[in-house]
Amino acid sequence: MKTSCSHSPPQLCLSDFPDASFDVHFSPTDARRFHEIIYKVKVGKEASVFNERTDDSSATQYFQFYSYLSQQQNMMQDYIRTGTYQQAILSNMSDFKDCIVLDVGAGSGILSFFAVQAGAKMVYAVEASSMAHHCQTLVKSNNLQNRIKVIAGKIEEVDLPCTVDVIISEPMGYMLYNERMLETYIHARKWLKPNGKMFPSRGDLHVAPFCDEGLYYEQLNKANFWYQNCFHGVDLSHLRDEALSEYLRQPIVDTFDMNICLAKSVRHTLDFSTAAETDLHHLEIPLEFHILKSSMMHGLAFWFDVAFLGSTQTVWLSTAPTEPLTHWYQVRQVVWLSAGI
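Numbering (this note's numbering), first residue to last: 518 to 858.
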């Protein structure tokens, strides 16, 4: 059977069998669910599409990047990140005491150690990069071999001896979704017992319009190099528009004062406990802003929060510009607005 779906509502799914074919009209939501069911039938219930949608060289570079101790140090030294994770776990010890825990993308294993501090009976620390070797070294040197088992490999490919009570991970990238680790985190739910906990439990992406004339002209001026009509005797000006488009497509990772935002942010929420991997393959966030002050809009600003919904306490980790700075910073995207828009 072959199945294909259009992308315009109402969506049309065409299914071809050996002796017949038919078409079915779905709403966009139902079409996405239907496509997901067909995929699971084709490749297996617990299969992940991560490998299908990821270039091998990109995956290799990703895992190499996180195999460096210096990069692990950069994350661990982010006091807000590390301290908030420890607070979220230790303030909800009832969710961890005598429980089986899965640490997805364990890295150095720091979250696994926090889980043990909270009373976890066993932690399976899954790490796909060569950092798994260093994680094992720390487990052994801290005499926790009977409490933390390091498993080298991708969560999409490894086998665990049992289901788990809690999944912990640090899957957030810039703008929450960058690096696509969230797909892996959600895929790991196949090992989670019914009503099990996920730390973090949900993520909120915030989007707000901003005014920053200096940043805007900084990006435009970068492209002015290509405006020269006599660069060592060569006219470059015909590439200026393409260069400008390229610079404006590049997100800017930095921090800024909240006062540059022209409206309250729009919040887009993802529930890690219920979302499907396929929900992350195409994101649409309707943006409607109620402008609070008159000014020129130069782009969109992004930041995110994640919530740890424990049985005892809810703990938030925020990367908002009003909060202490983290290694995620914030992200801005300059937009080119034509006259009259």
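Every residue, glycine too, gets a C-beta built ideally from N, C-alpha and C.
Per DSSP, cross-strand counterpart(s) of residue 847:
For the purposes of this step, residue 847 is taken as residue 330 along the sequence shown, with counting starting at 1. Beta-bridge partners assigned by DSSP to residue 847: 771.
Assign residue 792 to one of three DSSP states: helix, strand, or coil.
Here residue 792 is taken as the residue at index 275 of the sequence shown, counted from 1. DSSP, reduced to helix, strand and coil, places residue 792 outside both helices and strands of the structure shown, so it counts as coil.
With contact counted as at least three CB pairs below 8 Å, one residue from each stretch, are the segment 694 to 704 and the segment 774 to 786 in contact?
Verdict: no, contact absent.
Measuring alpha carbon to alpha carbon, tell me which residue in 740, 771 and 722 is nearest residue 755.
Residue mapping note: residue 755 aligns to position 238 of the sequence shown, counting from 1. The shortest C-alpha separation from residue 755 is found at 740.
What residues in its chain sit with their C-beta under 7 Å from that of residue 675, if we drop five residues either side in the sequence?
Translated into positions along the sequence shown, residue 675 becomes position 158. Correct list, in chain order: 643 and 668.
Just to confirm the assignment, what range does the beta strand (DSSP E) spanning residue 835 have?
Within the sequence shown, the letter at position 318 stands for residue 835. Membership of residue 835 in the beta strand (DSSP E) is indicated by the continuous run 831 to 835.
In this structure, does DSSP put residue 784 in helix, strand or coil?
Against the sequence shown, residue 784 aligns to sequence position 267. In the structure shown, residue 784 sits in a strand (DSSP, three-state: E or B).
Among the residues of its own chain, which have a CB less than 7 Å from the CB of residue 760, if the five just before and after it don't count?
The count along the sequence shown starts at 1 and reaches residue 760 at position 243. For residue 760, where only same-chain residues beyond five positions count, the Cβ hits under 7 Å are 740 and 743.
Tell me whether residue 778 sits in a helix, a strand or coil according to DSSP, three-state version.
Here residue 778 is taken as the residue at index 261 of the sequence shown, counted from 1. Residue 778 falls in the strand class under three-state DSSP.
Per DSSP, what are the beta-bridge partners of residue 641 in this structure?
Within the sequence shown, the letter at position 124 stands for residue 641. For residue 641, DSSP records a beta bridge to 619 and 666.
Count the other CB atoms, across all protein chains shown, that sit within 10 Å of the CB of residue 817; report buried if there are 16 or more and exposed otherwise.
On the sequence shown, residue 817 is found 300 positions in, with the first residue counted as 1. Buried, by the Cβ-count rule.
On a CA-only basis, which of 723, 849, 635 and 589 is nearest residue 764? Give me that one, please.
As a first step, residue 764 is located in the sequence shown; it is residue number 247 there, counting from the start. Of the candidates 723, 849, 635 and 589, the one whose C-alpha sits nearest the C-alpha of residue 764 is 849.
Reducing DSSP to helix, strand and coil, say where residue 762 ends up.
What you label residue 762 is simply residue 245 of the sequence shown in a count that begins at 1. DSSP places residue 762 in helix when its eight states are reduced to three.
Which same chain residues, not among the five before or five after residue 769, have their C-beta less than 6 Å away from its C-beta?
As a first step, residue 769 is located in the sequence shown; it is residue number 252 there, counting from the start. Only 849 meet the Cβ criterion.
So the alpha helix (DSSP H) residue 719 belongs to, where does it begin and stop?
Taking the first residue of the sequence shown as position 1, residue 719 is located at position 202. No alpha helix (DSSP H) contains residue 719, which is instead part of the beta strand (DSSP E) from 719 to 727.
Whether residue 619 touches residue 641 by CB criterion (8 Å):
As a first step, residue 619 must be located in the sequence shown, where it is residue number 102. As a first step, residue 641 must be located in the sequence shown, where it is residue number 124. If you check the CB distance, residue 619 and residue 641 come in under 8 Å.
Please go through the same chain and pick out, in chain order, the residues whose beta-carbon is closer than 7 Å to the beta-carbon of residue 830, but skip the five residues on each side of it.
By one-based count along the sequence shown, residue 830 stands at place 313. The answer, listed in chain order, is 608 and 609.
Taking all protein chains shown into account, do 16 or more other C-beta atoms lie within 10 angstroms of the C-beta of residue 808, making it buried, or fewer, making it exposed?
Here residue 808 is taken as the residue at index 291 of the sequence shown, counted from 1. Its Cβ having fewer than 16 others within 10 Å, residue 808 is exposed.
Alpha-carbon to alpha-carbon, residue 646 and residue 626
Against the sequence shown, residue 626 aligns to sequence position 109. Against the sequence shown, residue 646 aligns to sequence position 129. Cα to Cα, residue 626 sits roughly 12 Å from residue 646.
Classify residue 802 as buried or exposed, calling it buried when 16 or more other Cβ atoms lie within 10 Å of its own Cβ.
Stepping through the sequence shown from its first residue, residue 802 is reached at position 285. With fewer than 16 Cβ atoms within 10 Å of its Cβ, residue 802 is classed as exposed.
Please report the straight-line C-alpha distance between residue 713 and residue 633, rounded to a whole angstrom.
The sequence position of residue 713 within the sequence shown is 196, counting from 1. The sequence position of residue 633 within the sequence shown is 116, counting from 1. For residue 713 and residue 633, the gap between their C-alpha atoms comes out near 17 Å.
If distances are taken between C-alpha atoms only, which option among 617, 630 and 826 comes closest to residue 593?
The sequence position of residue 593 within the sequence shown is 76, counting from 1. The shortest C-alpha separation from residue 593 is found at 630.
Going along the chain, which residues of its own chain have a beta-carbon closer than 7 Å to the beta-carbon of residue 691, five neighbours each way excluded?
Here residue 691 refers to the residue found at position 174 when the sequence shown is read from its first residue. Same-chain partners within the cutoff: 770, 845 and 848.
Extent of the continuous beta strand (DSSP E) run through residue 800
Here residue 800 refers to the residue found at position 283 when the sequence shown is read from its first residue. For residue 800, no beta strand (DSSP E) encloses it, and the DSSP letter there is neither H nor E.
Residue 687 burial status per 10 Å Cβ neighbour count (16 or more: buried):
Walking along the sequence shown from the start, residue 687 turns up at place 170. With 16 or more other Cβ atoms from the protein chains shown falling within 10 Å of its own Cβ, residue 687 counts as buried.
If we ignore side chains and look at the alpha-carbon of each, how far apart do residue 792 and residue 814 end up?
Here residue 792 corresponds to residue number 275 of the sequence shown, with the count starting at 1. Here residue 814 corresponds to residue number 297 of the sequence shown, with the count starting at 1. One alpha carbon belongs to residue 792, the other to residue 814, and they sit about 33 Å apart.
Do you know offhand how far residue 648's Cα is from residue 656's?
The sequence position of residue 648 within the sequence shown is 131, counting from 1. The sequence position of residue 656 within the sequence shown is 139, counting from 1. Rounded to whole angstroms, residue 648 and residue 656 show a C-alpha spacing of 12 Å.
Buried or exposed (CB count within 10 angstroms, at least 16 for buried), residue 706:
As a first step, residue 706 must be located in the sequence shown, where it is residue number 189. With 16 or more other Cβ atoms inside 10 Å of its own Cβ, residue 706 counts as buried.
Backbone secondary structure at residue 708 - three-state DSSP:
Numbered from 1 along the sequence shown, position 191 holds the residue referred to as residue 708. Here residue 708 carries a helix assignment [DSSP, helix/strand/coil].
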